[in-house]
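Inspection log for the structure reproduced underneath, given as structure tokens.
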Amino acid sequence: MELVKTEQKKFADYLEFLDPEDINEFKTVLQQLQGKKAAMVSATGYGGGVAEKLHSLVPLLNDLGVKVDWWVLSSCPNQFFNITKSFHNCLQGQEGCLLQRDIDIYLHYNELNAFQMQDWNYDFIVIHDPQPAALLHYRGKKPGEKWIWRCHIDTSAPNMDYWNFLYRYISLYDACIFTLEDYVKENHNLQNITFMTPSIDPLSFKNIPLTQERAQEIVASFGIDVNRYLITQISRFDPWKDPLGVVDVYRIVKKELPEVQLALVGSMASDDPEGWDYLYRTLRKAGEDYDIKIVTNFNGITGLEVNAFQTVSDVLLQKSLREGFGLTVTEGLWKSRPVIGGNVGGIRLQIEDGENGYLVNTVEECAEKVLHLLRNPLLAQEMSKKGREKVRKEFLVTKNVLRYLKLFLKLAK
Ligand code: UDP
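Start counting the sequence shown at 0; every next residue gets the next number (numbering that gives the first Met the number 0).
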């Protein structure tokens, strides 16, 4: 096992986002957790959503006085990660058969790493995702230790072969955390099930406030005319994110408001052939229309540019046909921009239709709502304010810090 170093973060910098009652709750819980120590264990320390979240969560917990170390698996070859990648996909429902050879490799590296945990001395050990899930089985539980399994993936309709295998290991834990209630199968005997939605760090590059001037300068460098309407969808090029539907929405809007522009901003992984196929399909659909800008990390899109597009867009879309949670919706609402989302999955937890945004089922409905928001800027502003407030109350990292502390306390008792 290897320790991950994290940057320092000061909880005091986040106080402005909290309500007085939250601050009191933090105080009460922390008093009772004095001197407690926790370990977080994940597959890797960089890349991917889990690592991104832990880079905020771990330093904040430490700053609050709960000593947390973050460990990652060591000595695991690519073969192990290829197997756990198929675990990930199959737990999200992909077809496939779990082979004995893969089980053996998976368990072998869990056993190897568990051996290095013999002299660990923590009150709480939080294991993230399936890769290290069998560590508890091999290491065993010392008296007083509490083990928590945190599932970051959508297990609402898993391939049962894989779920049944994993279940043998996660049923040993004192508590399991899932993202949404829908992600837990009904007939289980898992203990202390807790729910935690993903959250955003308001002080990260992707979410810190940018001035309009700075944000406009950034989007203008991608060929956007900042004096004309801009609709944006930030997402991977994936059928479930429906970028082709977004182009259809834009075309309907353009008939009525010819000055409108569309930006499709996405990140590409060099080892994801499906993503490239879908990017090419989207480019073909956009054709010769130069008011559609399609940009990716290969053109220089990083967190800062995502922030800029979210900050200046007149309407943000997340027209997904299926969605786990939809962090882009959280990010858009946080920037006080009007957001229209597909009426699916976690988007429904974030957008209250007609209150802080719109939920839509079809291209036509989406186009109608875009036009409505563009023509009624005051209404859009009103809704956006409510959107930011919803995120502040429910979806900031501070909320998850508190949820972890409360779970620790519940288990300690
Ligand atoms: N994202 C990014 N660059 C891009 C496109 C997306 O950094 O070009 C980020 C986006 O800001 C969000 C995450 O990737 O934080 C996507 O999370 P979401 O839950 O919306 O969708 P997922 O891709 O996990 O299905």
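Glycine residues also receive a C-beta, built at the ideal position from the N, C-alpha and C atoms.
Computed from a predicted model, the values in this text were never measured in an experiment.
With contacts defined by Cβ atoms closer than 9 angstroms, proline 242 and tyrosine 289 do not form a contacting pair. Taken from the Cβ of threonine 301, at least one heavy atom of the ligand UDP lies inside 8 angstroms. Taken in chain order, the complete beta strand (DSSP E) segments of 3 residues or longer contained in the segment 147–216 are 174–177 and 192–194.
When the beta-carbon positions are compared, glycine 345 and valine 362 stay at least 9 angstroms from each other.
The count of Cβ pairs closer than 8 angstroms, one atom from the segment 56–64 and one from the segment 92–108, stays below three, leaving the stretches out of contact. Between threonine 5 and leucine 72, the C-beta spacing is not below 9 angstroms. Looking at the DSSP output, glutamine 260 shares a beta bridge with Leu229. Taking the CA atoms as reference points, arginine 336 sits about 49 angstroms from tyrosine 137. For tryptophan 333, the enclosing alpha helix (DSSP H) begins and ends at 326–333.
Excluding residues up to 5 positions away in sequence, Ala156, Pro157 and Asn158 lie with their Cβ nearer than 7 angstroms to the Cβ of glycine 92 in the same chain. The ligand UDP approaches isoleucine 233 closely enough that one of its heavy atoms is under 8 angstroms from the residue's Cβ. The Cβ-Cβ distance between lysine 385 and asparagine 342 does not fall below 9 angstroms. In this structure the segment 104–111 touches the segment 76–89; the number of beta carbon pairs closer than 8 angstroms is three or more. Annotated three-state conformation of serine 41 is strand, per DSSP.
Annotated as distal: alanine 37 and histidine 127, with beta-carbon spacing of 9 angstroms or more. Counting the other Cβ atoms within 10 Å of the Cβ of aspartate 181 gives fewer than 16, which makes it exposed. By the neighbour-count criterion, in which 16 or more other beta carbons inside 10 Å mark a residue as buried, threonine 83 falls on the buried side.
Lysine 184 is classed as exposed because its beta carbon has fewer than 16 other beta carbons within 10 Å across all chains shown. Here proline 142 is exposed. Its C-beta has fewer than 16 other C-beta atoms within 10 Å. Counting only residues of its own chain and dropping the five nearest sequence neighbours on each side, leucine 395 has a CB closer than 7 angstroms to the CB of Phe16, Ser198, Ile199 and Pro201.
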